[in-house]
Amino acid sequence: MPAASGGASFSGLFPSCAGSIRVDSRSIPAETGGEHGPEVGYHIPVLEEEVVAALKPQPGKLILDGTLGGGGHTLRLLEAGAQVVALDQDPEALAFARQRLEDAGMDENLVTVRLNFSSFPTLLEEAGLGAVLDGILLDIGVSSHQLDCGERGFSFQKQGPLDMRMDPDAPLSAADAVNTWPEEELARIFYEYGEEPAARRVAKMLAARRADRLFTTTEDLAEAVAAVIPKRGPTHPATKIFQALRIAVNDELGVLRSALDAAHRWLKPGGRLAVISFHSLEDRIVKQHLRRHSEPEIDRPEWPAPRPNPECYYRLVSRRAIVATDGELARNPRSRSARLRVAERLP
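Residue numbers (the numbering used here): 1041 to 1387.
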């Protein structure tokens, strides 16, 4: 299990994760903010007030933040008195957020662990814990820092290696996928994960080009895609291709499904699951999962009458996704595509 850090009494809940205060040996890069302020390099947390209202943090509550990022949501939860177990698979994000929260004097009730959020059940199991969580927060997708840091290779707008790994120690990079996956597999992920109409055409071009010269940089891939897909208004032709590759390399949809499938087993009755998503593929998965597990009855055409749903675990707190207010959109344009869905664990 990865090392964790936190206040002595609280981190004692996780003896298998006990470690030094520094979560990872890597230093905090200058572009992540360092001493220049908490928001330099990391995004302003989206739907911040709505998350606090949904999870109702207070002293005595234990909340899992599965996507620590820059630490903005966790900071608000800690300020309200909750205890927080915060996970992130990105060592840069984890080190930055940990330092930020320590500097704010908010680390006593905090445990941080370098871990993909889909593995949170293993963390709790190894700690000998059951349904102890009062809340689970998942803020899905790529962070602003990852997009803005060219060396991470997430964005066609930044020159850098074709990487896209949220966990830099993961074995598969975007370059590996582009240069080695079969043409048919590339076409599939471009169509399914990027919803790109020209998926087959792009995959065919990549397969032909890599036979002569491998793709190694974001700029190289973006230019090759732009030569195949006509420009559609202000949107860069490579936008959907980069999205699809990122989702595939990090198995983002599989990770999301795994975490959703496990969440109800670790929430106390009355505990809440809050999920923020940023594109329709993620939001559809969350919406369908919560709907399926909040219907008290299920019906089939061949049945004479509806039957109780044995997998009804939740009450929907809001039937519609919660979106950013006009005020937040003015302050933080990146919140425009954010969708928050919240459900409460039934007894």
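No residue lacks a Cβ here, since even glycine has one placed at the ideal position from N, Cα and C.
Source: prediction; values computed, not measured.
Check, Outcome
"In whole angstroms, give me the CA-to-CA distance for Thr1107 and Ala1364.", "19 Å"
"Span of the beta strand (DSSP E) holding Gly1367?", "Unbroken run through Gly1367 is the alpha helix (DSSP H), Asp1366 to Arg1371; no beta strand (DSSP E)."
"Would you kindly work out how many angstroms separate the C-alpha atoms of Gly1311 and Leu1173, rounded to a whole number?", "7 Å"
"Taking the straight line between their C-alpha atoms, what separation do you get for Gly1111 and Ile1316?", "15 Å"
"Within this structure, are the beta carbons of Leu1204 and Phe1194 separated by less than 8 Å?", "Per the sequence presented here, residue 1204 reads as Met, with Leu not at that position. The answer is yes: Cβ separation under 8 Å."
"Exposed or buried, which one is Lys1280 when buried takes at least 16 other CB atoms within 10 Å?", "buried"
"Go through its chain and collect everything with a Cβ distance to Arg1249's Cβ below 8 Å, but skip five positions before and after it.", "Phe1255 and Ala1264"
"DSSP state of Val1268, grouped into three classes?", "coil"
"Name, in chain order, the residues that DSSP records as bridge partners for Glu1335.", "Answer by DSSP bridge pairing: none, since Glu1335 is not bridged."
"In angstroms with no decimal places, state the Cα-to-Cα distance between Pro1348 and Asp1339.", "9 Å"
"I need the boundaries of the alpha helix (DSSP H) containing Leu1226, first residue and last residue.", "Glu1223 to Glu1232"
"Measure from the alpha carbon of Gly1109 to the alpha carbon of each residue in Pro1309, Val1086, Ala1120 and Ala1266, then state which is nearest.", "Val1086"
"Return helix, strand or coil for Pro1309, following the three-state DSSP convention.", "strand"
"Within 10 Å of its beta-carbon, does Ser1358 have 16 or more other beta-carbons around it, so buried, or fewer, so exposed?", "exposed"
"Run through DSSP, which three-state label would Val1388 get?", "The chain is shown only over 1041 to 1387; residue 1388 falls outside these bounds and no answer can be derived."
"Report back the beta-carbon spacing between Ile1325 and Arg1360 to the nearest angstrom; my notes put them in contact at under 8 Å.", "The Cβ separation is near 17 Å, so there is no contact."
"With H, G and I counted as helix, E and B as strand and the rest as coil, what does DSSP make of Leu1108?", "coil"
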